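**Q**
Protein chains: 2
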Amino acid sequence: MFEPVTIKDIAKALGLSTSTVSRALRDTHEISPATKKMVLDYAKEIGYQPNPIALSLKERRSKSIGVVVSEVANSYFSQAINGIESIAYDRGYHVIISQTHESYDREVVNVQHLASRSVDGLLVSLSSQTNDISHLKQLHDKGLPMVFFDRVAEEINTHKVIANNEKGAYEATAHLIRSGYKRIAHLTSSSQLSISIERLSGYEAALNDHGLTVNADYIKHCPHGGMIYEETESKIKELLALDEKPDAIFVAGDRLSTGCLSVFKNLSISVPGDMAIAGFSNSDVLDLFNPSLTSVRQPAFEIGKLATQMLIQLIEAKYPVEEFEKKVLDTELFVRNA
Amino acid sequence: MFEPVTIKDIAKALGLSTSTVSRALRDTHEISPATKKMVLDYAKEIGYQPNPIALSLKERRSKSIGVVVSEVANSYFSQAINGIESIAYDRGYHVIISQTHESYDREVVNVQHLASRSVDGLLVSLSSQTNDISHLKQLHDKGLPMVFFDRVAEEINTHKVIANNEKGAYEATAHLIRSGYKRIAHLTSSSQLSISIERLSGYEAALNDHGLTVNADYIKHCPHGGMIYEETESKIKELLALDEKPDAIFVAGDRLSTGCLSVFKNLSISVPGDMAIAGFSNSDVLDLFNPSLTSVRQPAFEIGKLATQMLIQLIEAKYPVEEFEKKVLDTELFVRNA
DNA sequence: TAAATTTGTGCAATCGTTCCCGACAACGTT
DNA sequence: AACGTTGTCGGGAACGATTGCACAAATTTA
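Given below as structure tokens:
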């Protein structure tokens, strides 16, 4: 059906050996100009394209990197992916994206799928359900280059690129405090996630620094990170049922932020009248929201770029890299509904 | 660095030939149960994983399909991709996503990249800038299986899956008419795109059926499909500058719809007070928008699923397929701000 | 002029896997 | 006893490309 032309076809047609053709195509100095021209012309004429799979087998690398994210339909990740592609592309790497949909099982399957020599390295942002990282540790120990971004696994010793989640959370919370709110709740995703820990920490620091006490009842976790509406709704209802109902919420994720707004809309609770909200989000259309949302925006594109640069550096390193670094990029606070 | 275990290692360790090991692993009947067990046990013990690249070279297929879309950060496409993955995954195919960002040049590069035997088939939705489809035609003529979805190329004879754009556009326009608007404009992307043609046609039919005349001044094209804010803004300003200013707009794309809302917000034009809007969009958070948006929603997930099923059918067909079909799925109208 | 070097090309191995053949037992059938 | 089956297994050629080595012819050097 689809019969690609190979180096062998060229060799046969020109009465040369495959080695000569190969060398001519690669422009080696040890081929006579005449032969070289003949081969190149003929190759162009019949539209020869080298078979990347054969190359991969020989070179033992695929010139492709795998990306593991929870959802591409998430502004943060789609922006990060654009950053990833902008670098990978230039360096001649394919990018294979896989989505976990925040499921641990899918993460394991996807990672296994990407590994086994079909990708040269992995860019990983953990799913919210992931506790056990042995599937990644095992590959990392075997030498598969790996860079974490956003949701990182501290236990694995490699490069990491994250936003300054603690500072971003601090600023958002401090903004709510400065706006006069005193009972500030925190809605976040699963507790073991690095971003959850960091954002919680920033939230607590802001409260402490402003003379407010941290109330454990005000901190609610959504293990599915906003993927399930009912989960978000029930957590918010728990907050609303408290004796000392919060007057503001700091939300720690993109999907959670929009989910939160939806819940309040459905419950006919006015924002920010009855409840103020500030949350992490990278959406481009936040300005169009009603109620609007004060947001912490991460440099997603830049994070994707950096992570990819570091990964390619690992992949192409001649000797095993022992020194790893964690890059931390600042977030930006967009005040709306001030 | 990363030394994967091969069938050869197993053969050597067990004193067998690679052929026997291969057959044992593939559970052929001509291997004794004892040998089979020995091989399987040892393979499991040392964590043998077959090398998919070697397989690809041998089988002359990669078990992967390429997807060409404009942006993953577009609700329609991210939902379609979820549909694509849901099928591909089950059938053992990798999915490689590439983004054109509505650029013709990137589309050509991406398609070339995906082809050359590294994907077994292509799922394509054209970029808004694409006029010339010879890069696809050439591959299709060479026998590369290809299925179009959403933005299709009529000139290429293969399977196509689309929404009923004409009907959806008709319904949205008719809704505006029923709501009392008389001067309805149409904002759409580049004129050569299949979806633009179909949606324009539905728009015109609705006007005609309701005794309204089609006014060429009311039809504005944005070649970048909403990717460039300034372009959208200038087209809208053109509409606003008309003597008989429109009182409603039917918008033909996801990004254009949100772009349109942003422009009106920035121009302090009240929607739907000064101007009513209805548009194509698959966003999940339209309910949160202010002003809200009456939307035509496409069955994106289903379209992705169908297209993938048809593509895999083409890929795995024993004989060249000659009969192609175009599947048309109904859209849904969500009335908001009624 | 003979030896040494350069130049241009081919042979064959390699990457990991499958699969067509053929080898060679052990067994059953006339 | 001679032959055909059947069950197990190994050898080796593919798949497409690269590359170290060998080797002839052409050229330069001693």
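First to last, the sequence lines map onto chains R and Z.
With positions in the first sequence counted from 1, the corresponding number in this note's numbering is that position plus 12.
With positions in the second sequence counted from 1, the corresponding number in this note's numbering is that position plus 12.
All C-beta atoms, glycine included, are put in the ideal place defined by N, C-alpha and C.
Every value quoted in this text rests on a predicted model; they were computed, and no experiment measured them.
Of all Cβ atoms in chain Z, is any one closer than 7 Å to the Cβ of R:N294?
**A** Taking the first sequence and counting its residues from 1, one reaches residue 294 of chain R at position 282. By this cut-off, R:N294 is not an interface position.
**Q** Measure the alpha-carbon distance for Z:K56 versus R:I281 and round it to whole angstroms.
**A** Sequence index remark: in the second sequence, residue 56 of chain Z carries index 44 (1-based). Sequence index remark: in the first sequence, residue 281 of chain R carries index 269 (1-based). Approximately 57 Å between the Cα atoms of the pair.
**Q** What are the boundary residues of the alpha helix (DSSP H) that includes R:R309?
**A** To locate residue 309 of chain R, count along the first sequence from 1; it is residue 297. First-last for R:R309: 306-309, but that is the beta strand (DSSP E), not the alpha helix (DSSP H).
**Q** How many whole angstroms separate the CB atoms of R:A253 and R:S191, which I take to be in contact at a CB cut-off of 8 Å?
**A** Here the question's residue 253 of chain R lines up with position 241 in the first sequence. Here the question's residue 191 of chain R lines up with position 179 in the first sequence. Contact flag wrong, Cβ pair sits at about 24 Å.
**Q** To the nearest angstrom, how far is the alpha carbon of Z:Y116 from that of Z:M50?
**A** Position 104 of the second sequence, counted from the start, is the residue given in the question as residue 116 of chain Z. Position 38 of the second sequence, counted from the start, is the residue given in the question as residue 50 of chain Z. Rounded to the nearest angstrom, the two C-alpha atoms are 55 Å apart.
**Q** Residues in its own chain within less than 6 Å of R:K338 by CB, not counting five upstream and five downstream?
**A** Within the first sequence, numbered from 1, the residue matching residue 338 of chain R stands at position 326. Excluding positions up to five away in sequence, the list reads K172.
**Q** For my contact list, R:L8 and R:H222 are in at a C-beta cut-off of 8 Å; report their separation, rounded to the angstrom.
**A** Residue 8 of chain R lies beyond the range of chain R shown here (13 to 350); nothing can be said about it.
**Q** Report all residues from its chain with a CB closer than 7 Å to the CB of Z:E166; omit the five preceding and five following residues, and keep chain order.
**A** Locating residue 166 of chain Z in the second sequence gives position 154, counting from the first residue. Closer than 7 Å at Cβ, skipping near neighbours: S206.
**Q** Assuming Z:G168 contacts Z:H147 (C-beta within less than 8 Å), just tell me the rounded distance between them.
**A** Here residue 168 of chain Z is taken as the residue at index 156 of the second sequence, counted from 1. Here residue 147 of chain Z is taken as the residue at index 135 of the second sequence, counted from 1. Note that residue 168 of chain Z corresponds to Ile in the displayed sequence, not to Gly. That belief does not hold up - the Cβ atoms of Z:I168 and Z:H147 are roughly 11 Å apart, past 8 Å.
**Q** With DSSP as the reference, identify every bridge partner of R:C272, one or two as the case may be.
**A** Here residue 272 of chain R corresponds to residue number 260 of the first sequence, with the count starting at 1. Bridge partners of R:C272: none, in fact.
**Q** Helix or strand or just coil, what does DSSP make of R:V340?
**A** Here residue 340 of chain R is taken as the residue at index 328 of the first sequence, counted from 1. Looking at R:V340 - three-state DSSP - the assignment turns out to be strand.
**Q** Would you list the one or two residues that DSSP bridges to R:G133?
**A** Here residue 133 of chain R refers to the residue found at position 121 when the first sequence is read from its first residue. According to DSSP, R:G133 bridges with R:I77.
**Q** Go ahead and pull the three-state DSSP assignment for Z:K172.
**A** Residue numbering aside, residue 172 of chain Z sits at position 160 when the second sequence is read from its first letter. Strand.
**Q** Determine the DSSP secondary structure at Z:L67, reduced to helix, strand or coil.
**A** Position 55 of the second sequence holds residue 67 of chain Z. Correct three-state label for Z:L67: helix.
**Q** If R:G291 and R:S307 are in contact, beta carbons under 8 Å, what's the gap, nearest whole angstrom?
**A** Residue 291 of chain R sits at position 279 when you count from the first residue of the first sequence. Residue 307 of chain R sits at position 295 when you count from the first residue of the first sequence. Rounded, the Cβ-Cβ distance is 6 Å, consistent with contact.
**Q** Does any C-beta atom of chain R lie closer than 7 Å to the C-beta of Z:S90?
**A** Within the second sequence, the letter at position 78 stands for residue 90 of chain Z. Output row for Z:S90: interface = yes.
**Q** Whole-angstrom Cβ separation of Z:D266 and Z:S246, contact assumed at under 8 Å?
**A** As a position in the second sequence, residue 266 of chain Z is number 254, starting the count at 1. As a position in the second sequence, residue 246 of chain Z is number 234, starting the count at 1. With a Cβ gap of about 20 Å, Z:D266 and Z:S246 do not count as contacting.
**Q** Pick out whichever of Z:K149, Z:K75, Z:L26 has its Cα sitting closest to the Cα of Z:T170.
**A** The residue given as residue 170 of chain Z occupies position 158 in the second sequence. Selected option, being the one with the closest Cα: Z:K149.
**Q** List, in order along the chain, the chain R residues whose C-beta lies closer than 8 Å to that of Z:K277?
**A** The count along the second sequence starts at 1 and reaches residue 277 of chain Z at position 265. What Z:K277 touches in chain R: D299, L300.
**Q** Assuming contact is defined by CB atoms lying nearer than 7 Å, are R:S95 and R:F346 in contact in what I supplied?
**A** Stepping through the first sequence from its first residue, residue 95 of chain R is reached at position 83. Stepping through the first sequence from its first residue, residue 346 of chain R is reached at position 334. The question names Ser, yet the displayed sequence has Gly at residue 95 of chain R. For R:G95 and R:F346, no; Cβs fall outside 7 Å.
**Q** From this set, Z:E243, Z:V79, Z:F160, Z:S208, which residue's C-alpha is nearest Z:Y182's C-alpha?
**A** As a working mapping, residue 182 of chain Z is identified with position 170 in the second sequence. Nearest C-alpha to Z:Y182: Z:S208.
**Q** With a threshold of 8 Å, are at least 3 pairs of Cβ atoms found where one atom belongs to the region 37-52 of chain R and the other to the region 82-96 of chain R?
**A** no
**Q** Using CA atoms only, rank isn't needed, just tell me which of Z:A25, Z:S130, Z:R163, Z:R103 is closest to Z:Y88.
**A** As a first step, residue 88 of chain Z is located in the second sequence; it is residue number 76 there, counting from the start. The option with the nearest alpha carbon to Z:Y88 is Z:R163.
**Q** Please report how far the alpha carbon of Z:L318 lies from the alpha carbon of Z:V79, in whole angstroms.
**A** The count along the second sequence starts at 1 and reaches residue 318 of chain Z at position 306. The count along the second sequence starts at 1 and reaches residue 79 of chain Z at position 67. Distance between the alpha carbons of Z:L318 and Z:V79: 14 Å.
**Q** Please go through the region 144-189 of chain Z and give each complete beta strand (DSSP E) segment of 3 or more residues, from N-terminal end onward.
**A** 158-161, 172-175
**Q** Reducing DSSP to helix, strand and coil, say where Z:Q61 ends up.
**A** Start at 1 with the first residue of the second sequence, and residue 61 of chain Z comes out as number 49. Three-state result, Z:Q61: coil.
**Q** Using a Cβ-Cβ cut-off of 8 Å (strictly less than) and excluding sequence neighbours within five positions of R:I311, which residues of its own chain qualify?
**A** Numbered from 1 along the first sequence, position 299 holds the residue referred to as residue 311 of chain R. What sits at residue 311 of chain R in the sequence shown is Pro, not Ile. Closer than 8 Å at the Cβ level, and outside the excluded window around R:P311, lie A175, L341, D342, T343, E344.
**Q** Express the C-alpha separation of Z:A66 and R:L69 in angstroms, rounding to a whole number.
**A** One-based indexing of the first sequence puts residue 69 of chain R at position 57. One-based indexing of the second sequence puts residue 66 of chain Z at position 54. Near 6 Å, if we compare the C-alpha coordinates of Z:A66 and R:L69.
**Q** List the residues that DSSP assigns as beta-bridge partners of R:S301.
**A** Taking the first residue of the first sequence as position 1, residue 301 of chain R is located at position 289. The amino acid at residue 301 of chain R is misidentified as Ser; the sequence shows Phe. For R:F301, which the question treats as bridged, DSSP gives the partners Z:F301.
**Q** When you compare the CB of Z:V84 with every CB in chain R, is at least one pair closer than 7 Å?
**A** By one-based count along the second sequence, residue 84 of chain Z stands at place 72. Judged by the 7 Å Cβ criterion, Z:V84 is in contact with chain R.
**Q** Does the beta-carbon distance from Z:A218 to Z:A186 come in below 7 Å?
**A** Within the second sequence, the letter at position 206 stands for residue 218 of chain Z. Within the second sequence, the letter at position 174 stands for residue 186 of chain Z. Contact flag set, yes.
**Q** According to the neighbour-count rule (16 or more other Cβ atoms, all chains shown, within 10 Å of its Cβ), is Z:S333 buried or exposed?
**A** Position 321 of the second sequence holds residue 333 of chain Z. What sits at residue 333 of chain Z in the sequence shown is Val, not Ser. The residue is exposed, with fewer than 16 neighbouring Cβ atoms inside 10 Å.
**Q** Output, in chain order, the set of chain Z residues within a Cβ distance shorter than 9 Å of R:Q61.
**A** Translated into the one-based positions of the first sequence, residue 61 of chain R becomes position 49. The answer, in chain order, is Q124, A127, S128, R129.
**Q** Strictly under 7 Å for the Cβ-Cβ distance: is Z:I240 near chain R by that measure?
**A** In the second sequence, the residue the question calls residue 240 of chain Z occupies position 228. Answer no: the Cβ-Cβ gap between Z:I240 and chain R never drops below 7 Å.
**Q** Taking the straight line between their C-alpha atoms, what separation do you get for Z:E178 and R:S98?
**A** Position 166 of the second sequence, counting from 1, holds the residue named residue 178 of chain Z. Position 86 of the first sequence, counting from 1, holds the residue named residue 98 of chain R. The C-alpha of R:S98 is placed about 36 Å away from the C-alpha of Z:E178.
**Q** When the Cα of R:V131 is compared with those of R:E114, R:G237, R:N122, R:G316, which residue comes out closest?
**A** For the purposes of this step, residue 131 of chain R is taken as the residue at position 119 of the first sequence. Answer by Cα proximity: R:N122.
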